[in-house]
Amino acid sequence: SAPSLPPYFTKGSIIQLADGELKRVEDLKTEDFIQSAEISNELKIDSSTVERIDSSHTPNFAIIQFAVGEHRSQVSVEVLVEYPFFVFGQGWSSCCPERTSQLLELPCTKLSVGDVCISLTLKNLR
Amino acid sequence: VPVFPWHSLVPFLAPTQSD
């Protein structure tokens, strides 16, 4: 069976912010993530800059290489091309926004090298 | 209607500690 994305990326999904406020996934703003992370005891927002996007050997998957955090640590993830990432100040973006829009109805722009995505790490990692 | 926590939408990209 074809792999698919988790249900919360579908347009209209109800998302609870850290302060309890409810928003639809397509209405989320950069500030919602930043404020929620500020309230969180465990999670910290990191900036993850897209350094490379390569096609995977697995159909419909892409390999995205990020530089994570202030140390620009290299992290690669293999995701479905329609998997949406939240880009700072821009919103939802994926390797194939047409597919994201088609499958999830989530408004989406094209993820590109140089984009800075919101990611999470643990606050007390060291 | 299901309600999802905000952090489920954000990828957890934990760099491996190199030092």
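The listed protein sequences correspond, in order, to chains A and B. According to our numbering, the first sequence holds residues 1 to 126 in order. According to our numbering, the second sequence holds residues 1001 to 1019 in order. Note that the Cβ used here is the ideal one computed from N, Cα and C, for glycine as well.
Cβ neighbours of isoleucine 34 (chain A) within its own chain (closer than 7 Å, five residues either side excluded): Ile45. According to the DSSP assignment, aspartate 32 (chain A) belongs to the alpha helix (DSSP H) that extends over 30–39. Classified as exposed, glycine 114 (chain A) has fewer than 16 neighbouring CB atoms from the shown chains inside 10 Å of its CB.
Relative to aspartate 32 (chain A), the option among A:Phe88, A:Leu104 and A:Thr100 whose CA is nearest is A:Phe88. Per DSSP, serine 13 (chain A) lies in no alpha helix (DSSP H) segment and is marked neither H nor E. Under the DSSP definition of a beta bridge, glutamate 78 (chain A) partners with A:Ile63. Our two residues, serine 48 (chain A) and alanine 67 (chain A), have alpha carbons roughly 5 Å apart in a direct line. For glutamine 90 (chain A), the closest alpha carbon among the candidates A:Gly20, A:Ile53 and A:Lys29 is that of A:Lys29.
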